[in-house]
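Here the structure is laid out as structure tokens; the discussion comes afterwards.
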Amino acid sequence: MLIIAAMATRENEFEPKLGRIRQERTSSLRGVRTAVRQRARVGRARKSGYASKTGIKAHFRKGSAGKTRPVSASSRRVVVKARFVLHGGGKGAPLRAHVSYLAREGGKARAEPGLDRAVDYLQREETPHARLSFYDGQGQDLDGKAITAGWADDSRHFRMIISAEDGEALGDLKPMIREVMADLELKLGTKLEWIAVDHWDTDNPHSHVLVRGKRSDGQDLFIPSRIISQGIREKAQEVVTRVLGPRLEADIARDRWREIGEARVTELDRQLVRSQDVSGHVVVHRPDLIARLEQLEAWGLAERGGQGWKLAPELFQSLRAMESHAEVERAVSGHLSEGQRLHVLAAEPNERIEGVLVHLGPSGDLDDNVLAVIETTRGELRYGRFEKQADLVELDGALPGALVAFAPNVPEVRPSDRAIAEIADRTGGLYSAEHHLIETPSVSRGLVHANIRRLEAMRRMSLVSLTQDGAFIVGHGHLKRAMMYEDRIARRYPLLATVSSYWSLEEQVHAIGPTRLDRVLAGEAASPEGTSAFARQHAAALQQRRLFLIEQGWLGQGEQVLSRDALRRMAETELRNLAQELSEEIGKPVLSVRLNSLSGVYARRIDLAQGRVALIVGERQASLVPWRPALEGFAGREVIGELRAQGMSWQLQRGRGLGISLPPVG
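To convert, note that position 144 of the sequence shown is 168 in this note's numbering; the numbers rise steadily by one, no gaps.
The following block contains the structure:
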């Protein structure tokens, strides 16, 4: 069984120049292989005490592989999923997020709020220092983030999932993965830089493998599609079959009958679809196929009649939807208390809902998409899948207990669209940096670059075009085309995610800085209504927060509303305390006041009670500024910020980057 995603259409695009691995092969290694082949002719190797001493099965001992055996019906089954991921303008941001998700089985002790819940982009590590369980060909307990940080400037990386159906019986999966990856190196003729992590949180234990998109000689790595479609899977099946022995006829029959009740697309379903006659009827006599048809009938996906069975027109799509929903329920089951039963429903794209984060994890094991589940004020579990980069970085780092909102993506014309249209009306329908600077000499170059980036995105949808001189042909109906662009984006990303607070209700109660609870006390946000568990927890936390504010002198005994001045002073206190702590750490002054302009390296993001802030480190001093999702594309790089009417406008330091800017943000 194989799933391949995002592979190129021309096979020769993946063809490497095959050759010998660029590593010296010693005569002793050849001697070991020769000895193993000789022993294989005599018969099965004698059982030794190696496994009892090391925990690794003797089948995996170095040199035990021999030649790959042909895959047959009795071979143990292995699923291999693979895809490559191109690195875009955000460099390694998706890779960092994916490594974080893969490490979810590592140390999960909840970090204390503040500096302990930060991401340092200069050290390329996330605090607290969870003990990661990544491994490679030689070592284990490796820091996946530190290793993959050096991959950020590559053009691509590869992702694989290798899942043996009998993974539970294998025990330790590392020897199998190492043997499969060593075989892949032989096939590609190059040493590979890879890391893997094993997950045991599903019915079938499986391994995630990340492969750097570079060969040992520094050239881009290409993997032939036939190696992915056959080579990796066949080698994995050969290894598992060698260790556990071939499947018996009883095992094969048992697996076939087990598929009957599974809510997913199975081989039985494919056989049924192939069995349809010209009129679309299915007539079968095998007991397992008949049993599967009866199960599909119970789900409303098949109907029996006088001429045979009729399958639902969208059988596969319906089964995949059922499988997807079952995955969501499994994801949240571990977060519910014993005996707790809540319905899991998809978030509606036409209403805004807010709740406490219950689960955050990959939506697809190979994708950057994330699945977020919240418990709403109505006592429902609502989930959304997100793949837009802004949503991914907004949710990145959010822990269960954070307050998260799902909102519809409403198309609307942006201020940049109006600025572009205004310039185009003066220039005969054209727009370029030169046109804008001539018409409005005082305009910020950062805003101009942001407009150009906006037009580039529209050009990729064929909504605008370029002249030979590089100017955009905008025309006089630009606002209408801008709305068409927004409509298409909203259809692709119907739901948006925002984090109201990265701190849980419990953490907010005794926070020094202003919290989401304080916004409710100040009348700036609504308190959840109803009798759900979340509503009750929120009401209790709100009362405790009120008492704490009275003790601290921020709220008078008889006052019912927290003043805006109190919110401002609380925010200043929290930033001032953080700035002092950071100053002692980095050895230079850290400013917590907003400046008209600043430059430096975007070094760190930190989750505070008042929200997420960014640390910009300059040569002589550093500054704390409001964080925004688009900054993640510049992690660890030098930026320039200028204060504009709508907030800070960011761009890469000229001569040190691509000159791409970020539009203003408040």
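Glycine included, every Cβ here is placed at the ideal spot set by N, Cα and C.
Here the structure is a predicted model, which is why all the values come from computation and not from measurement.
Using CA coordinates, which residue listed in the options is at the minimum distance from residue i?
i, options, result
"residue 439", "417, 472 and 545", "472"
"residue 427", "516, 511, 280 and 377", "377"
"residue 713", "437, 434, 436 and 461", "The structure shown does not extend to residue 713, since the chain is modelled only from 25 to 690, so the question has no answer here."
"residue 237", "139, 111, 199 and 659", "111"
"residue 588", "542, 554, 410 and 493", "542"
"residue 212", "200, 239, 202 and 197", "239"
"residue 436", "353, 469, 512 and 592", "512"
"residue 246", "106, 655, 596 and 172", "106"
"residue 490", "456, 553 and 296", "456"
"residue 573", "534, 595, 320 and 141", "534"
"residue 343", "173, 288, 379 and 308", "288"
"residue 441", "475, 470 and 99", "475"
"residue 180", "217, 510, 165 and 158", "217"
"residue 520", "575, 492 and 416", "416"
"residue 157", "540, 222 and 554", "222"
Would a C-beta distance cut-off of 7 Å place residue i and residue j closer than the cut-off?
i, j, result
"residue 523", "residue 418", "yes"
"residue 629", "residue 123", "no"
"residue 322", "residue 335", "no"
"residue 422", "residue 383", "no"
"residue 481", "residue 430", "no"
"residue 547", "residue 632", "no"
"residue 292", "residue 310", "no"
"residue 414", "residue 137", "no"
"residue 401", "residue 559", "yes"
"residue 453", "residue 498", "yes"
"residue 294", "residue 104", "no"
"residue 395", "residue 387", "yes"
"residue 409", "residue 398", "no"
"residue 425", "residue 528", "yes"
"residue 433", "residue 514", "yes"
"residue 642", "residue 660", "no"
"residue 369", "residue 318", "no"
Quick one: Cα of residue i to Cα of residue j, how far?
i, j, result
"residue 329", "residue 304", "12 Å"
"residue 357", "residue 348", "14 Å"
"residue 167", "residue 120", "12 Å"
"residue 163", "residue 220", "11 Å"
"residue 567", "residue 636", "25 Å"
"residue 500", "residue 463", "17 Å"
"residue 255", "residue 651", "46 Å"
"residue 716", "residue 411", "In the structure as shown, the chain begins at 25 and stops at 690. Residue 716 is therefore absent and cannot be evaluated."
"residue 281", "residue 375", "43 Å"
"residue 351", "residue 445", "46 Å"
"residue 477", "residue 676", "14 Å"
"residue 243", "residue 262", "31 Å"
"residue 666", "residue 672", "5 Å"
"residue 591", "residue 531", "17 Å"
"residue 234", "residue 189", "21 Å"
"residue 197", "residue 286", "25 Å"
"residue 102", "residue 170", "30 Å"
"residue 161", "residue 203", "9 Å"
"residue 674", "residue 518", "27 Å"
"residue 443", "residue 201", "55 Å"
"residue 577", "residue 173", "46 Å"
"residue 275", "residue 626", "57 Å"
"residue 299", "residue 331", "13 Å"
"residue 277", "residue 302", "30 Å"
"residue 165", "residue 259", "25 Å"
"residue 209", "residue 215", "6 Å"
Can you name the residues that DSSP bridges to residue i?
i, result
"residue 410", "394"
"residue 489", "497"
"residue 164", "159"
"residue 520", "431"
"residue 332", "329"
"residue 386", "394"
"residue 378", "429"
"residue 181", "109 and 236"
Using a Cβ-Cβ cut-off of 7 Å, state whether residue i counts as contacting chain D.
i, result
"residue 200", "Protein chains in the displayed structure number just one, and chain D is not present."
The ligand GTP heavy atoms versus the CB of residue i: any closer than 6 Å?
i, result
"residue 193", "Summarising the ligand content, the structure contains no ligands, and the ligand GTP is consequently not present."
Practice task
Indicate whether the contact test is met: 3 or more Cβ pairs, each with one atom in the segment 179-193 and one in the segment 261-269, closer than 8 Å.
Solution key: Taking 8 Å as the limit for Cβ pairs, the verdict is that the segment 261-269 does touch the segment 179-193.
Handout entry: Three CB pairs or more closer than 8 Å across the segment 544-564 and the segment 599-611
Key = The count of Cβ pairs closer than 8 Å, one atom from the segment 544-564 and one from the segment 599-611, stays below three, leaving the stretches out of contact.
Practice task
Decide yes or no for the touch test of the segment 566-584 against the segment 615-634: beta carbon pairs closer than 8 Å, at least 3 of them.
Solution key: no
Practice task
Evaluate contact between the segment 643-650 and the segment 607-615, counting only Cβ atoms and requiring at least three cross-stretch pairs below 8 Å.
Solution key: yes
Exercise for the section: Could you tell me whether the segment 229-242 touches the segment 180-187, using the rule of 3 or more Cβ pairs below 8 Å? Expected result: yes
Exercise for the section: Specify whether the segment 475-491 and the segment 503-522 touch according to this definition: at least 3 beta carbon pairs, one from each stretch, less than 8 Å apart. Expected result: yes
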